[in-house]
Amino acid sequence: MQPHFGFSLARQFKVSAARLMTAAGVIGTMLPVMAAPLDVFLTAIPEQIAPRGYLELGTDHMNESLDVFNVRENDPVTAGTRAGDYHGGYLTGALRVGEGKWLSGGLWQRTVSSTSDSFDYTGWQLSGLYRFLEPAGNVPAMAMRLSAWGNFASSTESTSAVVVPGAKLNTVKITDPSDRQLQADVIGTWNLSPAADVSVNMGVGSSQLSYGSLSATTTRNGCDYNVAFNGNNIYGTLIPPCNVSGAVIQQFYDSSGAYGVDVANEIAWRGTFFQAGVNGSWRSGPWTLKAGYLFHVVKRELVDDILNSRGQEAYTKNHNVALQADYRVHPRVTLFARTQLTSNLFFNDIPVTYNSSTAERFDSRYTLFSVGLRADF
Numbered sequence: 062m063q064p065h066f067g068f069s070l071a072r073q074f075k076v077s078a079a080r081l082m083t084a085a086g087v088i089g090t091m092l093p094v095m096a097a098p099l100d101v102f103l104t105a106i107p108e109q110i111a112p113r114g115y116l117e118l119g120t121d122h123m124n125e126s127l128d129v130f131n132v133r134e135n136d137p138v139t140a141g142t143r144a145g146d147y148h149g150g151y152l153t154g155a156l157r158v159g160e161g162k163w164l165s166g167g168l169w170q171r172t173v174s175s176t177s178d179s180f181d182y183t184g185w186q187l188s189g190l191y192r193f194l195e196p197a198g199n200v201p202a203m204a205m206r207l208s209a210w211g212n213f214a215s216s217t218e219s220t221s222a223v224v225v226p227g228a229k230l231n232t233v234k235i236t237d238p239s240d241r242q243l244q245a246d247v248i249g250t251w252n253l254s255p256a257a258d259v260s261v262n263m264g265v266g267s268s269q270l271s272y273g274s275l276s277a278t279t280t281r282n283g284c285d286y287n288v289a290f291n292g293n294n295i296y297g298t299l300i301p302p303c304n305v306s307g308a309v310i311q312q313f314y315d316s317s318g319a320y321g322v323d324v325a326n327e328i329a330w331r332g333t334f335f336q337a338g339v340n341g342s343w344r345s346g347p348w349t350l351k352a353g354y355l356f357h358v359v360k361r362e363l364v365d366d367i368l369n370s371r372g373q374e375a376y377t378k379n380h381n382v383a384l385q386a387d388y389r390v391h392p393r394v395t396l397f398a399r400t401q402l403t404s405n406l407f408f409n410d411i412p413v414t415y416n417s418s419t420a421e422r423f424d425s426r427y428t429l430f431s432v433g434l435r436a437d438f
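Going by the numbering used here, the sequence shown opens with residue 62, and the numbers climb by one from there.
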């Protein structure tokens with residue numbers, strides 16, 4: 062086997078808008094395409110959205126028909142396939158629990174497609190916001206938000222063959238892939254007029270990825286084998302029957318470490334991140350228009366150093382832009398439509414999709430379209 066035999070299995074849950082056009086990490090799965098779900102619209106005054114609380118139900122979509130900005134790059138390998146298609150749904154809510162105190166949370170269910178497979182992921186978020194300074198004149202409202210969020214799947218499995226140096230992997234399976242984040246944000250909001258406001262935010266956080274097991278099937282000398290990974294150890298067992306002449310190898314052992322591959326650290330990395338953004342809203346009658354920008358940068362332990370040592374680029378920055386239009390159809394019900402554009406796919410919204418095997422795909426942009434309704438109470 063050549064270097065990358067073991068770790069190249071992770072290619073089956075990579076995100077690619079160029080060649081594979083797929084997301085297989087918990088993606089989004091989510092998705093708003095932003096650093097932590099919907100951070101691009103953070104505000105220190107949630108009361109401007111709803112006085113006491115709200116529930117929001119939405120759906121997110123991307124496919125060939127919706128790619129009006131042509132950000133999904135053309136590739137003969139994926140032309141005419143579902144690669145890069147995404148659809149999902151989410152339910153979020155927020156509740157005012159005291160003066161300047163809010164609790165919020167959300168659940169996301171996402172499905173992303175490769176050329177031959179689809180991957181399902183669940184995202185979650187819990188947050189608490191405390192406004193420690195009320196607006197007065199030119200002084201903005203100031204708030205601190207603490208949150209925990211992440212993504213997970215029971216497993217991601219590919220049925221399409223993967224050819225890597227020295228081996229052909231017939232199927233690949235990763236159990237319990239997940240990411241978990243802790244995050245703290247400071248938010249300032251200025252009321253420019255009764256109809257307009259501007260918010261700025263800065264945040265820091267930490268990420269931890271994990272997975273249960275990594276396995277595959279492969280063919281050697283005309284025989285099929287189950288391949289299991291325990292850390293960097295590779296263990297193969299024969300799948301009977303095998304009708305070939307001569308001796309048949311029943312089992313084989315190998316180590317990805319012998320080829321310079323550290324499976325655990327390249328898939329289940331740790332990291333810290335920083336983000337900063339600005340957004341504004343303008344209200345007129347039943348309409349509310351929003352626009353926001355968010356910059357995100359991450360420092361990952363080990364995995365990006367490994368990439369650099371192999372002469373590969375590590376993607377650590379992401380620019381996120383979102384536009385949203387709300388229309389109040391009832392005093393307590395609002396319809397909305399949103400479009401989101403990210404410069405480097407959505408690795409900072411679904412960190413589990415990024416590893417040393419998938420990193421090369423994250424130089425692609427991506428758009429997402431969402432529609433839904435919000436009910437105030």
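From the three backbone atoms N, C-alpha and C, an ideal C-beta is built for every residue, glycine too.
- In this structure, residue 244 places its C-beta atom within 7 Å of the C-beta atom of residue 264.
- In the DSSP assignment, residue 367 falls outside any beta strand (DSSP E) and within the unbroken alpha helix (DSSP H) covering 364-370.
- Pairing residue 297 with residue 309 gives a Cβ-Cβ distance that is not under 7 Å.
- Nearest to residue 230 by C-alpha distance, out of 237, 240, 218 and 236, is 218.
- Straight across, the Cα-Cα distance linking residue 418 with residue 324 is about 10 Å.
- A direct Cα-Cα distance of roughly 18 Å separates residue 301 from residue 314.
- Around the beta carbon of residue 253, fewer than 16 other beta carbons sit within 10 angstroms, so the residue counts as exposed.
- Annotation for residue 248: no alpha helix (DSSP H) segment contains it, though the beta strand (DSSP E) segment containing it runs 239-254.
- Closest option to residue 412, judged by alpha-carbon separation, among 356, 238, 290 and 311: 238.
- In the structure shown, the three-state DSSP call for residue 102 is helix.
- Here the region 368-376 makes no contact with the region 346-354; the two share fewer than three CB pairs at distances below 8 Å.
- Distance check between residue 328 and each of 364, 307 and 353 places 364 closest, using alpha-carbon atoms only.
- The C-alpha of residue 437 is placed about 8 Å away from the C-alpha of residue 112.
- Beta-bridge partners assigned by DSSP to residue 425: none are found.
- Here residue 206 is not near residue 240, since their CB atoms are 7 Å or more apart.
- For residue 218, the enclosing beta strand (DSSP E) starts and ends at 216-219.
- Counting along the chain, the unbroken alpha helix (DSSP H) around residue 325 starts and ends at 324-328.
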